[in-house]
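Data block below; observations after.
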Amino acid sequence: MFKTIITLLITFIMFSSISAQELLSTDKVYVTMEEAISRALSQNNQVKASEFAMKKANWDKKHAWTQLFPTVSLNSQYMWMDDSTFALRDFSRYFQDPNSPFKIPQTVFQNSYYTSIDLSMPIFNGNILNGLYIANAAEDASIQMNKSTQRNMVYLVTSSYLNLLKLSDVLILQQEYQNLSRLNFEKAERLYNAGRYSKSEVLRWKVELQQQKSTVVNSESQLRTSHTMLKRLVNIDMQKELEIENLIPETLKSESEKLAGMNDQQILKLIQLNDEELMEVNAALASAKSNEEVSKHLYHNSYSSYLPNINLDYSYAWQENNTIEPDSYSPKTLVVSLSMPLFTSFQNFTSVKSSYYEYKSSQENFYDQLQNTRLILIETVNKIINLKTQKELNETNVSFNEKNYSIIEQQKEKGLVSNLDFIDAKLNLQNSKLENINTHYDFISAMVELYYLLGKLDNIIKDF
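With the sequence shown counted from 1, adding 460 to any position gets you the working numbering.
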């Protein structure tokens with residue numbers, strides 16, 4: 461009996477631990493860069509909103525086409541009169557002659573019903589015709605906006621992912637130096653207690669340790685912020701822990717090496733595009749251009765207030781009587797109406813002027829965005845050129861400081877250099893490694909930005 465109880469307890473504990481592990485595992489989300497991009501393109505709220513806007517524009521275009529087609533409606537009316545009103549209106553009874561062969565039909569009833577089927581169709585309406593062009597332009601604009609939103613999301617996720625990798629590598633290096641500083645401080649305290657170090661040397665190590673602690677805390681804060689940013693982009697619950705693959709995709713690494721192998725003129729040649737070519741490759745500019753086209757069609761549509769409207773109306777009705785059933789008498793009417801504005805107190809003139817200046821404003825905003833894009837391209841290319849040169853310098857600087865630190869460390873063990881010289885050599889090595897890490901990731905991020913502006917992200921981001 462005792463063994464059975466023990467077995468049941470062990471089984472319960474095992475199942476409890478498995479359930480706890482499963483619970484913990486559900487609170488952690490692991491993604492690679494490709495998975496993060498794929499998730500953002502399907503889960504991000506901005507991308508979803510852009511897709512819904514595109515679907516709305518498609519239905520708006522279909523709605524614009526339906527304005528050209530006829531509409532048919534069934535109309536029914538019931539009316540009741542009080543006795544005095546009925547007596548006043550039904551004057552036909554006063555002219556009834558029993559000897560007359562003609563009987564005046566009753567046309568007024570105390571309870572009356574009227575039913576008709578009406579058809580209405582525009583023959584010519586400038587506002588409806590221009591609405592087709594506006595709806596088509598709006599759909600094109602929504603499609604371009606959706607592309608722009610998706611490409612921007614890919615760029616933001618990629619940049620955020622790279623920044624997370626950079627901060628993680630920087631934090632690891634800083635933690636290593638913090639541990640080293642702690643060991644050196646503890647060693648300095650022991651030597652001070654043994655009378656071999658001065659108080660100032662111990663304080664110098666203590667200050668250096670505190671600086672490393674402050675740097676690590678700051679990096680941890682930046683890392684948490686970067687994690688939150690990436691979770692926001694890929695729409696992951698903020699309460700869950702995000703874990704990423706600590707690896708730069710091979711496509712990014714190989715493309716960055718290819719870019720680093722170009723000379724300055726080859727890199728500058730990448731952005732030598734005319735306005736049409738730049739608008740074609742840059743999704744944000746294509747979207748802005750589409751919005752300008754919508755504004756232009758709205759401006760042209762304002763001229764429809766000067767044009768006539770021609771409509772066709774047809775009605776098939778049953779005579780008003782005191783029963784709800786249609787009778788044998790069914791009047792039919794066909795009306796073609798023409799409405800031509802002659803004078804509108806300058807309402808149409810002011811509307812055209814307002815639309816014109818709105819169009820010109822959107823046109824200037826587009827060209828301003830075009831020039832800003834060129835400015836950003838130039839800045840990005842210059843940044844890439846500078847980082848490429850800095851990257852070469854940093855690699856040489858790291859090699860030099862590693863060699864120098866090794867020499868200083870050996871000399872310190874022999875008592876040939878001071879503690880301050882050793883700390884300076886260690887700090888120089890740390891700073892050179894940090895600078896090398898920052899430059900390495902900044903160069904790849906700058907390349908991603910350049911390819912985003914040039915519409916080439918799909919060349920380096922797979923499955924996009």
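Think of the CB as a built atom: it goes at the ideal place given N, C-alpha and C, for glycine as much as any other residue.
Computed from a prediction, not measured in an experiment: that's the story for all the values here.
Between the C-alpha atoms of I844 and Q670 there is a straight-line separation of about 35 angstroms. A straight line joining the alpha-carbon of M581 with that of Y776 spans about 15 angstroms.
Linking L738 to T711 through their CA atoms gives a straight-line distance of about 24 angstroms.
F826 is classed as buried because its beta carbon has at least 16 other beta carbons within 10 Å across all chains shown. DSSP places D787 in the coil class of the three-state scheme, outside both helix and strand. Under the 8 angstroms Cβ criterion, the segment 795-804 does not count as touching the segment 726-746, having fewer than three qualifying pairs.
Going by C-alpha positions, A748 is about 8 angstroms away from A601. Every unbroken stretch of the alpha helix (DSSP H) spanning 4 or more residues and falling wholly within the segment 506-590 is given here in chain order: 543-549. As for any beta strand (DSSP E) of minimum length 3 sitting wholly inside the segment 669-718, the runs are 701-704, ordered along the chain. The C-alpha of V662 lies about 21 angstroms from the C-alpha of V676. When the alpha-carbon of Y621 is set against those of A496, E649, K522, the nearest one is in A496.
Membership of Q807 in the alpha helix (DSSP H) is indicated by the continuous run 807-873. Here the alpha carbon of L914 sits roughly 11 angstroms from the alpha carbon of R611. Exclusion of the five residues before and after A746 leaves Q604, K607, S608, M739, E740 as the residues of its chain whose Cβ lies within less than 8 angstroms of its Cβ. Taking C-alpha positions only, R656 is separated from S674 by approximately 29 angstroms. Bridge partners of W778 according to DSSP: T575.
Per DSSP, the continuous alpha helix (DSSP H) segment holding V741 begins and ends at 735-741. Assignment of T618 by DSSP, reduced to helix, strand and coil, places it in the helix class.
A distance below 7 angstroms between beta-carbons, with the five flanking residues on each side excluded, links Y912 to the following residues of its chain, in chain order: R611, Y615. V796 is bridged by DSSP to L772.
When only Cα atoms are considered, A598 and N857 end up about 55 angstroms apart.
In this structure, DSSP gives V877 a state outside helix and strand, which the three-state scheme calls coil. By the criterion of a C-beta distance shorter than 7 angstroms, A885 is surrounded in its chain by N864, Y865, I868, once the five residues flanking it on both sides are discounted.
Out of L847, S762, Q870, M689, the CA that lies nearest to the CA of F806 is found in S762. The C-alpha of I897 lies about 49 angstroms from the C-alpha of K756. Look at K666 here: in three-state DSSP terms it is helix. Look at the beta carbons and you see the segment 834-842 not touching the segment 779-791: under three pairs across the two are nearer than 8 angstroms. Taking the Cβ atoms as the reference, V617 lies roughly 5 angstroms from A500, within the contact range of under 8 angstroms.
For the pair L772 and I583, the CB atoms are nearer than the 7 angstroms cut-off.
With a threshold of 16 other beta carbon atoms within 10 Å, S878 falls short and is exposed. Assigned with DSSP and collapsed to three states, K893 falls in helix. Looking at T899, M493, F546, the one whose alpha-carbon comes closest to that of N571 is F546. Non-local C-beta neighbours of S536 in its own chain, meaning closer than 6 angstroms and more than five positions away in sequence, comprise T575, ordered along the chain. Distance from the Cα of S815 is smallest, within the candidate group W778, H760, T833, N832, for H760. Of the residues N808, Y774, I784, T783, the one whose Cα lies closest to the Cα of K792 is Y774.
Looking only at I883, I632, K522, the smallest Cα-Cα distance to L894 is reached by I632.
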